[in-house]
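Heads up, the sequence shown is in this note's numbering, so the first residue is 12 and it goes up one at a time.
Yeah, the Cβ is synthetic: ideal placement off N, Cα and C, and Gly gets one too.
All values derive from a computational prediction rather than experimental measurement.
Accompanying notes for the structure given below.
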Amino acid sequence: MKPKIVLTLLIVSVGVNLYIGGKWLLFDRPYEPPPEEAIILGEMVQKTVESEEYKDLAKAEKVIAIETGIDKNKGGRFPYNMMTSVRTDKETHLFSCSDDKCTKMELIGTSYSIYQDEEPRLPLKK
């Protein structure tokens, strides 16, 4: 009886560890920047805010948040797999590096913004 219980616990333990490890390796890791890339993403935010396209955007729409993102599953190479998202009350504007050295950021597209339908999450103004 005791060997069956131990074998069952071993199989369940291995199965759970394989599931958690596989989920982390395949789904979570490609989207989490390591510390070096997190610093680069921070610098990309600064370059985004300094870009002319952002300044024009800030004049036209109310900027609510700036978020960084990385997607290693796209197959793009550094720094093109990184971007910053500027969320406004109308839509989200996506910025990426304009060249291999990332000397400046350029607007590459737009997407839906949750702030079209919702209020900002932080209660800063009442």
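Could you tell me the distance, in whole angstroms, from the CA atom of E64 to the CA atom of W35?
As a working mapping, residue 64 is identified with position 53 in the sequence shown. As a working mapping, residue 35 is identified with position 24 in the sequence shown. Cα to Cα, E64 sits roughly 36 Å from W35.
If you compare alpha carbons, which of V17, M55, G32 is closest to C91?
Translated into the one-based positions of the sequence shown, residue 91 becomes position 80. Before going on, a small fix: residue 91 reads as Tyr here, not Cys. With distances taken between Cα atoms, Y91 lies closest to M55.
CA-to-CA distance, V27 to L18, given in whole angstroms
The residue given as residue 18 occupies position 7 in the sequence shown. The residue given as residue 27 occupies position 16 in the sequence shown. One C-alpha to the other measures close to 14 Å.
Decide if the segment 67-75 is in contact with the segment 97-110; the criterion is three or more beta carbon pairs, one per stretch, under 8 Å apart.
yes
Going by DSSP, what residue range makes up the beta strand (DSSP E) through I51?
Here the question's residue 51 lines up with position 40 in the sequence shown. Not the beta strand (DSSP E): I51 falls in the alpha helix (DSSP H), residues 46-61.
Tell me, please, which residues DSSP counts as bridged to T99.
Locating residue 99 in the sequence shown gives position 88, counting from the first residue. V74, per the DSSP bridge assignment.
Whole angstroms are fine: how far does the CA of K15 sit from the CA of G53?
Stepping through the sequence shown from its first residue, residue 53 is reached at position 42. Stepping through the sequence shown from its first residue, residue 15 is reached at position 4. Cα to Cα, G53 sits roughly 53 Å from K15.
Find the nearest neighbour of E130 within the set K112, D110, K101, A69, judged by alpha-carbon distance.
As a working mapping, residue 130 is identified with position 119 in the sequence shown. Ranking K112, D110, K101, A69 by Cα distance to E130 puts K101 first.
Between the Cα of H104 and those of Y123, I31, E61, spot the shortest distance and give me the residue it belongs to.
For the purposes of this step, residue 104 is taken as residue 93 along the sequence shown, with counting starting at 1. Selected option, being the one with the closest Cα: Y123.
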